[in-house]
Structure formats: structure tokens, C-alpha cells
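Take any residue in the sequence shown, count from 1 to its spot, add 1044: that is its number in our numbering.
Cβ atoms here follow ideal geometry from the backbone N, Cα and C, with glycine treated the same way.
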Amino acid sequence: MPITTDFNDTVKARADRDPAFRQTLLVEAMEALVGGEFDVAKVLLRNYIKATDGFETVGDAVGKSPKSVMRMLGDQGNPNVKNLFAITKHLQESAGISFKVVAESK
């Protein structure tokens, strides 16, 4: 089901005024990715990109067209690891944060 423009506008407005919300969107996307929830991670990354840098900026940063980045992160998209890591690296740099993987015992 497509997300309505109102939802996208609401997320963008909140991201524009709330740095903690922006960071949480990216953190949730990365946690979903590392946790194996690939489809969820793609949705969260799309939402984050729409609310922050935009697909044009991300595409330029990773050497891909904006449409290509949109397709990669779309419902049927299947980005390769190199492209996915390039996207997430750019988003981290742009946000001024970095992630590290920490092993936890179950």
C-alpha cells in the first residue's frame, strides 16, 4: 500500500524540527537491517531519505541516479551489498553519526 503524501509531509516536518527523531529513524533502519528485517529496513531507509537528504542527494553521493536508489529501496528492490553500504555510509556521514555492531549474548 502506498504511503500518502500527508504521511510523508508529516514525517518530513517532524524530522526538520526534531534532530532526535531524525536520528531515531536512521537507528531503527540500521537495527532492522542488522536484525535481518530487510523489507522493514528498506521502508525505514526510504522514509529517512525522503525526510532528510532526498533521493537526488543520496544518488549523487553513491554514484547512482535518484530513480535507481528509489528502485533499490522499493518493495521489489534488491540492492547489492556494495550499494546498500554506500547508501548507509552516506546517510551516517550526512547525519554526523556512526554505527558499530556490538555482540550481545542471548
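| query | result |
| --- | --- |
| Counting C-beta neighbours from all protein chains within 10 Å, is the total for Thr1096 16 or more, i.e. buried, or is it exposed? | buried |
| I want to know whether the segment 1085-1094 touches the segment 1050-1058 - three or more CB-CB distances under 8 angstroms. | yes |
| Report all residues from its chain with a CB closer than 7 angstroms to the CB of Gly1103; omit the five preceding and five following residues, and keep chain order. | Ser1109, Pro1110, Ser1112 and Val1113 |
| Give a yes or no on whether the C-beta atoms belonging to Leu1088 and Ala1076 are separated by under 7 angstroms. | yes |
| Could you tell me the alpha carbon to alpha carbon distance between Ser1060 and Arg1090, rounded to whole angstroms? | Contrary to the premise, residue 1060 reads as Asp rather than Ser in this sequence. Using only the alpha carbons, I get a separation of about 16 angstroms. |
| What is the DSSP secondary structure of Ala1095, reduced to helix, strand or coil? | helix |
| Examine the ligand NAP and report whether any of its heavy atoms sits within less than 6 angstroms of the Cβ of Lys1111. | Looking for the ligand NAP in the displayed structure turns up nothing, as the structure carries no ligands at all. |
| Note the first and the last residue of the continuous alpha helix (DSSP H) segment covering Phe1129. | Val1125 to Ala1139 |
| Is DSSP giving Gln1067 helix, strand or coil here? | helix |
| Could you work out which residue in Ser1149, Phe1129 and Lys1150 is closest to Phe1143 when comparing CA atoms only? | Phe1129 |
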